[in-house]
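Asker:
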Amino acid sequence: MALPGKIKKLDQVVVNRIAAGEIIQKPANALKELIENSLDAKASDIQITIKDGGLKLLQRFTTSKLSSFADLHSLSTYGFRGEALASISHVAQLTITTKTAQDKVAHRASYVDGKLKAPPKALAGNQGTTITIENLFYNVPQRRKALDNISEQFTGITEVVTRYAVHNSSVAFTLKKQGENSPYVRTPSKSDKSDTIKLLFGQAVARELIEVSLEDSVYKFKLQALITNPNYSNKKLVFLLFINHRLVESTLIKKMLDDLYSIYLPKKTHPWCYISLEIDPNNVDVNVHPTKSQVKFLHEEAIVERVKEALDGKLSSNNASRTFYAQARLPQVDLSREALGQVLPDLAAGVNENKDKGKVQASKMVRTDHQAQKLEKFNFTRALKTVQKLFGSQEPTREAKTKEPPPENQIIELKITSVPPEIPETLQEQTPEFSEPVPEQTSECTDLESVEEEKESDEIFKSYSVNCYRRPVELTSILRLRKRVEDSYHGGLRKILSGMIFIGCVDEKLVLFQSDVDLYICKIKNLAEEIFYEIMLYDFANYGVLKFSSALSLVELAKLGMKKKSSKSSLEQFAEQIKDLLVSKSEMLKEYFAIVITKNGYIKSLPVLLEDYSPDVAGELPNFVVRLATKVDWTEEQKCFEDISRETARFYSNVDFNKDWRHSIEYVLFPAIKESLLPPKEFAHDSSILKIASLPDLYKVFERC
């Protein structure tokens, strides 16, 4: 049978620390003890300095009428003050420095766990007493962590100082943070309560105050109160209650005030009240709460009722009238419209117009300009210069464009610096040949001039061709594809995109942008693929040439593109079939799409869709070659052109993330999307573009409107 456990007596240090934690619960409690200590000592000036909300440093300096150092332990107005200081010393590092009028030097003593660390030391100092509390709750880490909100602790300290400054208006109070010159609270000495209230709570409170006094011999109490009359109301009750000069709380008195003022004030509004009760100490129990913030007294309900009657009598006598404060209207010159028109005709014309224009609500105000540009767009110092124009930079005149014969397509040389390691050296053609010019288009066409004129007159899509000369396109199949895009785009999304302001890339797949008062997120690849498809249609047969520095083998590219899809035995056969198919279509690919393929199966160039933009050639070209051969319907003209355009757009939508891809997206790709993209209706419901926030909704959430 197990023996019963023994009850062990706690160490006295632990007992004292627990008791101190009950008395000193937060920095405001410690400061309250220090202020009452100072007032006990008949202080005339109390200066408080805090750091980190009073958790790191809480220093109080007072000038008083102490006659000796021992008097610190024999003050009794608020009770035995030495006990409060001892409690603080159990949970903080306490230092007291004091100099009386009779002493030649000051003395400093440090306390730990209620005891002196060492005998007091003599040092130079001014007359008065400084009590310094450092590292509050340094030995109670759980309590210290719970009080980590510095702003909240500072607010509590400010409230304590403000309330004691009102009650003790003859004493000067100063509250400031360490290292700052400007105080948060400062009141002069030898002032009266009304002036102090005006200084701390404002003129709006001070001018509406009513003074109430009462002395009752039956219940042995005195009442001194300053309360606001029915002209004043506030959303929150401000209640200062002192019983026997101690700042306390009383639920009963607070409820009495709410009931009393409910007769005089509108619903959900409250007064400002200061009440001081002096009750026979024999009738007051101050030990209800460890912090002495609550008290109980004899005949409590009767005394509260007498106080209510006294306050009600004053309020009723001041309820006969209401005072309204209005700002005087500033004088202004009243000019007639005719007189104004003679002096400022332009201003007079806009007077009525401006009157009709109401002020824009903050919740609907657009604070950015979607037409503004950034300096980063003009990045002239980029190390990689891939564009090399063959015909100079000067733009030909209109006459030159019409009279001169069409030159060869604009050529841009592309040097591939990051080729997948799987590509063997035999991939590159040693002696590529490409010198023949691109012939002028001579295909038969159907007259759809009206459709073309309507598109150009409406400026639905801008050309992004880098060629100086633009060949007319009258192929019925292409015009039908363009017409399909123009008839099926989403007008609402187009309006959103036309006014968008680029915010930034969330990652390699998503972009944030603003339009009007809304915030959107979009999928980069979806929008890029659609804009490149439309560029393929509207710049058809007018592309610049993106020429490789070395021609690439279609067979080797096809092998890389099908490596994960086919066995080794069939890989070579499929690659040869792809090469043969694309070589057989090389004339058409070269004439219409600037995709140059030699007779021996090497690809030499791709079309330029956007200037200063190049796709991920090293990573995506093998897949493009395979899909160009397998995903295109080569039997019907319109379907063939559509499939080639779609696959090329798909290839170009893969951004090269090995380069400055953020710059390319923001300053090359998205300006084209903003300017020209005709978004299909599918974008409205396939999550390509999503609205994630709006300014009016945010104002509602944060209750700003």
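Going by UniProt numbering, the residue at position 465 of the sequence shown is 465; the numbering climbs one at a time, nothing skipped.
Where a beta carbon is used, it is the ideal one built from N, C-alpha and C, also for glycine.
#1: Where do the N-terminal and C-terminal ends of the alpha helix (DSSP H) with residue 640 fall, by residue?
#2: Within its chain, find whatever has a CB closer than 7 Å to the CB of residue 436; leave out the 5 residues flanking it on each side and keep chain order.
#3: CA-CA distance, residue 250 and residue 294?
#4: Buried or exposed: where does residue 573 fall if 16 or more other Cβ atoms within 10 Å of its Cβ makes it buried?
#5: Please work out which residues of its chain come closer than 7 Å, Cβ to Cβ, to residue 213, disregarding the five sequence neighbours upstream and downstream, and give them in chain order.
#6: On a Cα-Cα basis, can you pick out the residue from 135, 134, 114 and 109 that is closest to residue 123?
#7: Okay, do the segment 660–673 and the segment 626–639 touch, 3+ Cβ pairs below 8 Å being the bar?
#8: Report the rounded CA-to-CA distance for residue 597 versus residue 578, giving the unit in angstroms.
#9: State buried or exposed for residue 7, treating a residue as buried only when at least 16 other CB atoms are found within 10 Å of its CB.
#10: How many angstroms separate the CA atom of residue 706 from the CA atom of residue 609?
#11: In whole angstroms, give me the CA-to-CA distance for residue 494 and residue 678.
#12: Taking DSSP as the reference, what is the three-state secondary structure of residue 549?
#13: What whole-angstrom Cβ distance do residue 264 and residue 230 have, given they're in contact under 8 Å?
#14: Going by the CB atoms, is the gap between residue 607 and residue 537 shorter than 8 Å?
#15: So the candidates are 521, 585 and 615; which of them puts its Cα closest to the Cα of residue 635?
#16: Checking the sheet assignment: what are the DSSP bridge partners for residue 520?
#17: Is residue 634 helix, strand or coil by DSSP?
#18: For residue 92, is the classification buried or exposed, using 16 other Cβ atoms within 10 angstroms of its Cβ as the cut-off for buried?
#19: Please name the residue in 220, 153, 580 and 593 whose C-alpha comes closest to that of residue 599.
#20: Starting from residue 108 and walking both ways along the beta strand (DSSP E), at which residues does that stretch end?
#21: Counting beta carbon pairs with one atom in the segment 546–556 and one in the segment 492–508, are three or more of them shorter than 8 Å?
#22: Quick one: residues in its chain with C-beta nearer than 7 Å to the C-beta of residue 613, no 5 flanking neighbours on either side, listed in chain order?
#23: Indicate whether the contact test is met: 3 or more Cβ pairs, each with one atom in the segment 39–51 and one in the segment 154–174, closer than 8 Å.
#24: Under the rule that 16 or more other beta-carbon atoms within 10 Å means buried, what is residue 167, buried or exposed?
#25: My parser needs the alpha helix (DSSP H) runs of 4 or more residues fully inside the segment 121–186; what are they?
#26: For residue 530 and residue 649, I'd like the C-alpha separation in whole angstroms.
#27: For residue 206, which residues of its own chain have a beta-carbon under 7 Å away from its beta-carbon, when the five flanking residues on both sides are left out?
#28: Are the beta-carbon atoms of residue 228 and residue 266 separated by less than 8 Å?
#29: Between residue 706 and residue 519, which are expected to be in contact by the criterion C-beta below 8 Å, what is the C-beta distance as a whole number of angstroms?
#30: Name the two residues that bound the continuous beta strand (DSSP E) containing residue 671.
#31: To the nearest angstrom, how far is the alpha carbon of residue 153 from that of residue 184?
#32: Can you tell me the Cα-Cα spacing of residue 695 and residue 510, whole angstroms?
#33: Check the DSSP bridge columns for residue 215 and list the partner residues they point to.
#34: If you reduce the DSSP assignment to three classes, tell me which class residue 297 lands in.
#35: Helix or strand or just coil, what does DSSP make of residue 492?
Answerer: So, from the data block:
#1: 637–652 is the extent of the alpha helix (DSSP H) around residue 640.
#2: Here residue 436 scores only 37 on pLDDT, less than 50, and its place in the model should not be relied on; the value that follows carries that caveat. Nothing listed; no residue qualifies.
#3: 7 Å
#4: Counting C-beta atoms within 10 angstroms of its own C-beta, residue 573 has fewer than 16 neighbours from the protein chains shown and is therefore classed as exposed.
#5: 223 and 224
#6: 109
#7: no
#8: 12 Å
#9: exposed
#10: In this structure the chain extends from 1 to 705, so residue 706 is not present and cannot be described.
#11: Computed Cα separation, rounded: 6 Å.
#12: strand
#13: 4 Å
#14: The criterion of a C-beta distance shorter than 8 Å is not satisfied by residue 537 and residue 607.
#15: Ranking the options by Cα distance to residue 635, first place goes to 585.
#16: 513 and 691
#17: coil
#18: buried
#19: 580
#20: Following the DSSP letters along the chain, one finds residue 108 inside the beta strand (DSSP E) bounded by residues 106–112.
#21: Three or more Cβ pairs closer than 8 Å define a contact, and the segment 492–508 falls short of that threshold against the segment 546–556.
#22: 664, 668 and 669
#23: yes
#24: buried
#25: 141–146 and 150–167
#26: 7 Å
#27: 194, 197 and 198
#28: no
#29: Here the chain covers residues 1 to 705 and nothing more, so residue 706 does not appear.
#30: Looking at the DSSP string, residue 671 is not in any beta strand (DSSP E); the run it does join, the alpha helix (DSSP H), is 670–676.
#31: 14 Å
#32: It is roughly 21 Å from the alpha-carbon of residue 695 to the alpha-carbon of residue 510.
#33: 222
#34: strand
#35: helix
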